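Chains as they are written, first to last, in my numbering: chain A, 1 to 440; chain B, 441 to 880. Yeah, the Cβ is synthetic: ideal placement off N, Cα and C, and Gly gets one too. Since this is a predicted model, take the numbers as computed values, not measurements. These notes are about the structure you will find just below.
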């Protein structure tokens, strides 16, 4: 399919610039999965389009990358709110997750992907269970994702390792390039040295990135110190893991020395501001990390600790939290924020041709109606602080329109919602039954 | 007009309860400005309605009160982002505000009221200039507001005092009861003892509440200590002002002793979490204040330090910020948050018959589509953490529908936006001209 997106303002996205560039009277030309041209309309090459999308003056920009989430947990939305992390995990989340099935995970992923598309997210980085079902959902919906089987190992049995490799064999770079696979050991807390050695070995052998939770809570850090004599970042360094591409979720409790280490090693730190607040994990020192040259991406985390997959909420909060807690309004620019939500996330997923709108890159593009930002005094500020997720009017992944003005092309909203409700209800029943059985 | 709202779930709102009550299969009956019945459909009295609103299963709840804002500043949206407070005020905001006209303020207020109605705000508490224009907008749009002329006084001339009284004489409780007037001395920083004495006297004489900024920044507090030998709360106490109804915006830098004082005196503290973060003022100790028995309401502050009038963003952030900075996920409940956005704000505006859906109360009601909260595991959590401002489908003030499914009944959106753009442009030109004149 050859597509022209016309009548738009455009930002190609942000790399290292201090400001977000905007191009008025722009046009984007797409052939198949890739962008042929993105820039001034007057300088566009001759192009015969089979499909024309009229942006109606909206802003075209790179689609967002949700760089840390557990999409099937969309089914657990609003479960266990306002509990302590321990209560939340052990009394609300784990007792439900024990009873997940392939169908639960498929229903939860469909619901989550639908929400991400609605709010302009075009790719995501996930760690969960029953990953084959999640991959099927990504395949069917047209989404783009880096998927990792969430590996835990408390007894050195490494029993979660084979399914992680199976996921790779079945899905990595297969069928099309929308689905890639990571290795996702949960955290220092939930794994063993034996398991992490295997992960490291497989990461090298199969060229897979590693997705892991790092120092999410004070407790994560302190327990690692007790067990390993090292904090999680130093522990990963000690076993050689930082020589591989690592996506480190959270990093709330990093010292200056660890920040410098992650900057030097090129670790991508995924900031999940809402989840970190809701679970009372704390506020990650993002301004300091950016200053030290760290790569910062953005994530929503799972919906049970958010309760949305709306990355615009994270975009607004990322700079605000730093300003408010450091008492310095000049830290974290709109350009740094947009980069975290687009190009840095895309790079973390392993793509070198994603996250910026330019010729040759993959066509993951969204349209944002900036009309409500009236009178429109400052586009950079409006993009980060004014725009709502619902201002997204069109979401395109891999050159295909997946959402446009309320219409999904690969999902049937009413069906997705009714299945989600049915599966959630059945899950709660299974957990309830097991609980009452255990109490007998 | 006699109106029936049917096919709804309902929450009457929150007073002091630990949880938000919900009523399924509910119905609301409205006669003129007031609620006749709000409860179970099966228990509703016979009622002949002239108008029926089908909620389609949506949640009906009290409209939100934005308890601290400067609505005309909607015209200055995104101006001066990421500057220090001093830079923001002196180099971005004040140079523009010097050139405001009645038309600028009218255009800004119309734009702001339109946005508030869209996001389910049915009343607001304002402090600004050219207040007659703002009152005309409130009158015309059908909104409800407590309006105060923002009084500053640096030289004991008290020259802002007469316009504040004029506003009262012209608008307080006049025509209808949607517009009430406050006395709004800006802050300790920007006023004199002579002025505050006059305010206190007029507040008593005319029975007017007082709206004032209190300890917004560390600097506000420290400067007051230097000038008065007392912090702003203790200074207000010393001059007898806390014996009057006081709406104290911000209160970021309050000591435990001052929190106890405000609790004892019944001062309404207005929390503006986004503005406080954006201007790097800090995080108000709201959890501590609630525990001490303080009355907490919510506000957006002006749009230039937000950039929205979407109180749902503040609702999500109020509990999150406390959890994340106190490292305790159990503090600040959904019920406390909803009370801050509804009943406490309504009470602060001086109403005893607003903020709860019950017979006899004024009919300020909104409908919220909870469909996107699928699968809907916990309504309380969904209402605070999941719902977006755009999920509001209907906004009714004083028994009149002002917004319903994209349609405004008293405002013409395209006209409002084009006027706002024109007035903003003209304002920037006047300021630019004055600046270049001054530089000659």
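Asked	Found
For the beta strand (DSSP E) that contains residue 180/A, what are its first and last residues?	179 to 185
In chain A, which residues lie with their C-beta within 7 Å of the C-beta of residue 864/B?	375 and 377
Quick one: using the 10 Å Cβ neighbour count with 16 as the cut-off for buried, is residue 308/A buried or exposed?	buried
For residue 714/B, return the contacting residues in chain A, with the cut-off set at a CB-CB distance below 7 Å.	320
Here's the rule I'm using: 16 or more other beta-carbon atoms within 10 Å means buried, otherwise exposed. How should residue 148/A be labelled?	buried
Run the proximity test for residue 718/B: is its beta-carbon closer than 6 Å to any non-hydrogen atom belonging to the ligand COA?	No copy of the ligand COA occurs in the structure displayed, which carries no ligand at all.
Going straight from the alpha carbon of residue 576/B to that of residue 546/B, what length do you get?	8 Å
Write down the C-beta distance between residue 314/A and residue 274/A rounded to the nearest angstrom, noting that I regard them as a contact closer than 8 Å.	6 Å
In the segment 794 to 857 of chain B, which residue ranges form an unbroken beta strand (DSSP E) of at least 3 residues, counting only runs that do not cross its ends?	805 to 808, 832 to 837 and 840 to 844
Just the chain A side, please: which residues come within less than 7 Å of residue 826/B by C-beta, in chain order?	77, 78, 307 and 308
With the cut-off set at 7 Å, would you say residue 595/B and residue 570/B are in Cβ contact?	no
Bridge partners for residue 467/B per DSSP, in chain order?	479/B
Does the beta carbon of residue 270/A sit closer than 7 Å to a beta carbon anywhere in chain B?	no
Exposed or buried, residue 836/B, counting other C-beta atoms within 10 Å across all chains shown (16 or more means buried)?	buried
Can you list the residues of chain A that residue 397/B reaches, using a CB-CB cut of under 8 Å?	No answer is possible for residue 397/B: it lies beyond the span of chain B, which begins at 441 and ends at 880.
Short of 6 Å in beta carbon distance, which residues of its chain neighbour residue 121/A, apart from the five on each side in sequence? Order them along the chain.	64, 66 and 311
At the level of alpha carbons, what is the spacing between residue 717/B and residue 767/B?	18 Å
If you draw a straight line from the C-alpha of residue 490/B to the C-alpha of residue 496/B, how long is it?	19 Å
DSSP three-state call for residue 738/B: helix, strand or coil?	strand
Can you tell me which residues form a DSSP beta bridge with residue 569/B?	Answer is none; residue 569/B lacks a bridge partner.
Taking all protein chains shown into account, do 16 or more other C-beta atoms lie within 10 angstroms of the C-beta of residue 394/A, making it buried, or fewer, making it exposed?	buried
From residue 635/B to residue 675/B, what does the alpha carbon distance come to, in whole angstroms?	14 Å
Going by other Cβ atoms of all chains shown within 10 Å of its Cβ, with 16 needed for buried, is residue 645/B buried or exposed?	exposed
Between which two residues does the beta strand (DSSP E) carrying residue 66/A extend?	64 to 69
For residue 31/A, which of 401/A, 412/A, 301/A and 152/A has the nearest alpha-carbon?	401/A
Cβ closer than 7 Å: which chain B residues qualify as neighbours of residue 279/A?	769
Alpha helix (DSSP H) containing residue 109/A: first to last residue?	102 to 118
Alpha carbon to alpha carbon, how far is residue 464/B from residue 446/B?	11 Å
Based on the DSSP secondary-structure assignment, which residues constitute the bridge partners of residue 351/A?	Its beta-bridge partners do not exist; DSSP assigns none.
Any idea if residue 801/B is buried or exposed, counting beta-carbon neighbours within 10 angstroms, 16 or more meaning buried?	buried
Which ranges does the alpha helix (DSSP H) cover as unbroken runs of at least 4 residues, wholly within the segment 594 to 677 of chain B, from first to last along the chain?	601 to 611, 633 to 646 and 658 to 668
When you compare the segment 686 to 703 of chain B with the segment 723 to 733 of chain B, are there three or more beta-carbon pairs, one atom per stretch, that lie closer than 8 Å?	yes
Is the CB of residue 930/B under 7 Å away from at least one CB in chain A?	Here chain B has residues from 441 to 880 only, and residue 930/B is not among them.
Could you compute how far the alpha carbon of residue 712/B sits from the alpha carbon of residue 630/B?	20 Å
Measure from the C-beta of residue 382/A to each C-beta in chain B and report whether the shortest distance is under 7 Å.	yes
Going along chain A, which residues have a C-beta under 7 Å from residue 451/B?	What residue 451/B touches in chain A: nothing, since even the nearest Cβ is about 15 Å away.
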